[in-house]
Structures are given as C-alpha cells and as structure tokens.
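This report refers to the structure that appears directly beneath it.
Residue numbers (this note's numbering), protein chains in the order written: chain A, 1 to 352; chain B, 1 to 424.
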C-alpha cells in the first residue's frame, strides 16, 4: 500500500507528460516497459533484505564496503532520499500554485507540507502505513473514475501508428517512469522494520503490477483523448483529462486529482522523512528527534523553494540530471552491494 | 527523552494550527464570491497601427440579479454586461477592461472565446497560447471565429438566451446535428494546431441585422449592455440597427493561418466525412424526378481508407447514414420506392462530401483528416512526404466517396396519403 501510494502519487501527474513528449503515441508502451525496472529493483531489494534481515541499506554499506567507503555510499543514499523528498515537495507546491492557489507563495506551501510530513514521520512507520491504508481505496477509486469516464471520449485510433520511429523513443520515454517506479528500492530501508518480509515482496510485486496497469491505462486514455502531441506540451495532462470529463451532469472532476495529489504526496513525503530520519540516526549516530526533524522542516522549506525559479527548471532537472542520479542509487548501488555480499559469501537468512 | 518527544509533538501541532489559521481561509489566493465578476465569454481582436499590433479584448460578465429579472422585468435586459479594453498583448488588453470592473474577473465559468478574423489571419498562436496557459481555462471552453470583429459578436448578444449559453448548447448538441457549423473545443483546436498531419477548423459566428418582423415581435432580447465607462454601442454594427448572431459555416486553417471558409453545402460535407453524428436533425433537400423531398439525417458515421497501389495514394471514404423521410411531395413510399429514394439521397450526400473535398484541395488544407488516416494506417508511406509536404498525400490523391444511406423512418403514414390530385 505504501509503495503504491508513494510511487503513484507523483507518477500520476508527471508521467503522461514526460513520456508523451518523448514517445508520442507509444508512450503507454514506455510506461509498460518501465515496470520491468521496478521489478528488477524490487528483486535487488529483496535479495539484499534476505541477506541482511536486521539491517538497513545504510548499515550494511559499512559492513560490505568498509568504514569510509561504506559511510560515503550511505551518505550518498541519504542524499538520494533527501533529493527525492525535496523534488516531490517542490512538485507539490508547483502543482498547487499553478492549478489552485496562484497567489500563495510557494515557500508557504512547502513549509506546510514539511510540517505535516514531519508530524506523520515522528509518529512512526505504522502510522504512515495506516494513513496509506485509509486513503488507498479512495486514491485508487478516484484514478479509476477519471480513467473510466475519460474512456468514454477516447478515440483509440490516436494511439496509431505503433512504434513509428522504432523502439528508441519508447526506451528513452521509459527512463523517467523507471526511475520513479525504481523508488521501490526504499524497501531496503524498511525491510528490518517489517514483521513479515516475505509478504512485503509479494505486496511489492502487486504494487508494481497495479502501478503499471494504472499508469499505462491513464497514459493511453490521455493520448486517445488529446492526441499524441498535446499531452507532451502540458505540465499536467492528467488534470486536463479530469477537467475535460463531462458525463451527463458529472464534470469538474479535478477535485479528485487534488485529493489524489495532496493525500498521496503527504504519504510519500512522510515516508521519505521517516527514512531520512532513520538514515541520519544510523549514519551520524544522532538521536535528538527535535534536531533531526527541525533540520528536515527547515531544509525542505528552503531547498525546495530556492533552487528553482519556475516549473520549467524543476522539469529540466527531472529530465536531464535526475535519471542518471536515481539510476545510481536505485540500481547500481544495490546491485553492487548484492554482488559484494555474494562474493563475500553472505548467505540468505530465513526469518520467521 | 519522553519530554523531548512531547516538545517536538507540541511544536509540530502548534505550527500546524498556525498554518491552518492562514490556509483555511484560502491563504493569499482566497476569493469571496460576492467580489467576483463572472466572465462568460471573451472576444479577442487584433489590428495594426503603424506596424504595431493592438489587441482588443472584450468580455461579457454575468450579472446574477439581471439573470433573475429586476422588478419582474425578467428578460427585458441582458444578463451579461459588455466590457472592452486594448493593449499591445492579449493579456494587457484583458487587464485594461479588468481595471474598469469594480470586481475581480473570474474565468472559472467562462464558456469560450470568440476570435476575430484578423487574429486568425495574423497571429492566432499568440491568442491560443495565452488562453492555454491561463490556469482558469478548461479544455471544454469553446472557440468560435467571428466574421469581422469578435467585439461585435459580443455586443450583439444572444438571440433568445445568454450568448454564452447559446454557444455551449450549440457546441455540445446542435453543431453536427443541424449541419450548420461545427463546435470546436479548446483542446481540439490546440490538438489540431500542434498536429503534424491535420489542419484545424473553427465554427463561424457572425452578427447580422435582426429582420424587421422579428424585431417588432420582440424576438430579439437585444444586445449586451455596455459597461465599464465604454462609449461603445450596446448593439453591434450601426448604432440603431439591432443585431443578432448567426452561427453558420466553417473557417478553415492551414497551420496557424485562416485560409478560407466553407459554405453550407461544404460544411455538411465536412461533417459527413469527419464527424460522427448520433442525434442529428440535419434536413437535406433531395431531388428526385424533378420533385424535392427532405431527408432528415439522424445518424452518420464515416471511414477513410488509404489505398497505396504502385506508389500511388488514393482514399476511399465510406459514409453510412440513417434518416427519415416525412416531408415529401406525394411519392409512394413502398419498399422498392424507398430504395430509389435512398439512391437519390446517396447522390446528394456524395455531392456534399465531394464539395468539401474539392474545397480542401483548393485551400491546400487537410482539415478532413486524410493525411491523418494515412499516417495512422500506412506510416512508412506517410513518412516519405516529410514534415513540410505531408498535405501532398491528400491534395495529389484520388478520392472515391461511397455513400450508403438508409431510410429508417417514414413518419406515421404508410405507403402514401391518398390525397385526390386535381387532374389539371
């Protein structure tokens, strides 16, 4: 549940635009392809979790790579979590600022999200999981309503021709959704806190399949309503789709997107804040919650506001710098750690 | 440790309460409904003075108390008030009329935008971009092209209802059904303008003088009331001539430039080829044996099939329609006769479709979707034309039109009403 809400909350708004820009009418194929990246990352997280059932990734980094290199990689992984939560905070305020509250300063919105997320993170993983459990049916229901009503006006012909320019644009379009779905790597930090790790993997696979199906269908519906070019030019095609729907007296469904977005982002940022606090404690040995959470509130309020002047700059970073950076910590670092663990003869530990 | 956690929880809860106090009232973006001016329709015009663009924005603003009727005089006054402003860009022109309003203009309930003819010929992109970027616009906002100036359309107002209501009703239900014109939503225009295989069209609206008989019988409710300190007349055109708006015909674009218009015959041909009609009331006069009858087209769908033979591209358009005949000069409507009438209908509809195709070739604009069909079904052939010559895939091709119409309704009379004819 946490994985589904965490990944879908940002993907639902940004993926159609990014993938359509690159893969045009085949964007839905790109999304489908990116699912495989999620499964690979889940496989890596599972393999590492089985070998280090009582430790998080930042802890066994030091075990496998030694004190200094291990610490450096652990700090790198913390930075990965930190950058994700900062970008997501900025995406949240950009969306609210553009679509809902244009006169409200972005810093106020960022600060508000940071305070709410810290409140949830301070309460612990179980509280965040319960929140995710509560919003999941409403979250999925809202997405399905928009996709279902959007289908009524879909023209499947707009999805043709298939693979017009070969597989290149599809692969390129799959890169960013892959980095988003690859965020399932946070399982490496959650593994020791779960009572039934075997179920976590099963739930992870179910979450990835759901994410794949939902993202593929909403991208396909968006294209078959607005054509293969227009969604690529828009910042939030999913919002445009929700605004477009008119079925008898049912219309102005963007309130559902607001619900999906706000509730999902709160869960996502909360879980990242929680993991960041765990990472800070384990890497730096800091135990004072006030300092840790105070740092997270201040840093996110400032860092998600100051570096970007407009959504185009956020998108530029997301398109050009984010994929390689994310790929390092979602794939290469876990794969490297797993390879070293295997070489060092770390065996799979069975947990009841 | 417990104390520290309590302090942390207290700090967070206090910050949340403080934030809520600010945000629950809508924060900086709060809007009180009594301070809003609900804009229902915007017109955008363009002219050049000394080589510089001067944009003119006009708006109709809804006044609820007028809509309900003042002092029992419901319908005597227009519920929409007219404002206008000018500036070097569309936004400055909009702000110019906004400054004269005592309330903040709100565009969340706007029905659409009327584009002046000059905008469509000179700088459509600037206008469409401005509308698309504005956060309060919706994909289902309607676009119409004004023959002449958009502000004249807004001044003339609606014929029976508010102009904005009439345009919504026309675009949602009556555009294709009546065969008069086409209703184009904002997202459709943007989709066509960004497309690399199809040109755009827009429905045409034009203010015309109200016929004297209609005027005397009180058929017209008069134009929108001028507001905002403007000296402009409350009616379009001549100060003393009451005007009303007529939606008829289609404006044709090539890329972002207006290149011409379709007449009624060509408009019906366009609708038959490129729109699916489901609840039609399209009355088509058909001739058979030197006598006229009416085919009420109620349903229509079409298919464009690209055919490539030895490098030669051709298209086959198949149009299937259903309709009724209950306005006829005394034909016997038996099974055999109905088939004969269907043949006559086929010929008539084919002529309309061919007229639209001929016009499209004349304008070198593929608004009917032939290149789009080729692109989707035969992408390799489409690619050979390149990004700037794709219209040749349509203009140089042979097009065959096949119409299969059916008469499925002949009203409440059987074969014939046996009226005695004068033997003269």
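Ideal placement from N, C-alpha and C gives every residue a C-beta, glycine not left out.
In terms of Cβ geometry, residue 300/B and residue 280/B form a close pair [threshold 8 Å]. When Cβ-Cβ separations below 8 Å define contact, residue 68/A makes no contact with chain B. Per DSSP, residue 79/B lies in no alpha helix (DSSP H) and is assigned neither H nor E. Taking CB atoms only, residue 195/B has a neighbour in chain A less than 8 Å away. At a cut-off of 8 Å, the C-beta of residue 35/B has no neighbouring C-beta in chain A. Contact fails between the stretch 134 to 144 of chain A and the stretch 287 to 295 of chain A, because fewer than three Cβ pairs, one in each stretch, are under 8 Å apart. When Cβ-Cβ separations below 8 Å define contact, residue 272/A makes no contact with chain B. In the DSSP assignment, residue 251/B is bridged to 202/B, 261/B. Around the Cβ of residue 204/B, a 10 Å sphere holds 16 or more other Cβ atoms; the residue is buried. In the three-state DSSP reduction, residue 413/B falls in the coil class, being neither helix nor strand. At a cut-off of 8 Å, the C-beta of residue 191/B has a neighbouring C-beta in chain A.
For residue 5/B, at least one C-beta of chain A is nearer than 8 Å to its own C-beta. Counted as a single uninterrupted DSSP element, the beta strand (DSSP E) harbouring residue 326/B occupies residues 312 to 327. Within the stretch 13 to 90 of chain A, the runs of alpha helix (DSSP H) that reach at least 4 residues and sit entirely inside it are, in chain order, 27 to 51, 57 to 65. In this structure, residue 407/B places its C-beta atom within 8 Å of the C-beta atom of residue 324/B. For residue 306/B, the enclosing beta strand (DSSP E) covers residues 291 to 309. In the DSSP assignment, residue 104/B falls within the unbroken beta strand (DSSP E) covering 104 to 106.
For chain B, the residues of the stretch 117 to 128 of chain A that bring a beta carbon within less than 9 Å of one of its beta carbons are 118, 119, 122, 123, in chain order.
Annotated three-state conformation of residue 260/A is helix, per DSSP.
Within the stretch 191 to 276 of chain A, the complete alpha helix (DSSP H) segments at least 4 residues long are 197 to 226, 230 to 233, 237 to 244, listed from N- to C-terminus.
Closest option to residue 43/A, judged by alpha-carbon separation, among 154/A, 158/A, 186/A: 186/A. By the rule that beta-carbons nearer than 8 Å mark a contact, residue 138/B touches chain A.
Going by beta carbons, residue 254/B and residue 197/B fall outside the 8 Å limit. Using a CB distance cut-off of 8 Å, residue 298/B does not count as an interface residue toward chain A.
Chain order gives no chain B residues near residue 16/A, where near means a beta carbon separation below 7 Å; the closest approach is about 14 Å. Distances from the CA of residue 230/A to each of 6/A, 27/A, 11/A were compared; the closest alpha carbon is that of 27/A.
Not one beta carbon of chain A lies nearer than 8 Å to the beta carbon of residue 10/B. The secondary-structure analysis by DSSP pairs residue 404/B across a beta bridge with 320/B. Nearest to residue 285/A by C-alpha distance, out of 253/A, 54/A, 74/A, is 74/A. For the stretch 150 to 169 of chain A, residues whose beta-carbon sits nearer than 7 Å to a beta-carbon of chain B comprise 157, 160, 161, 164. In the three-state DSSP reduction, residue 245/B falls in the strand class (E or B). Here the stretch 204 to 218 of chain A makes contact with the stretch 2 to 18 of chain A; the two share three or more CB pairs at distances below 8 Å.
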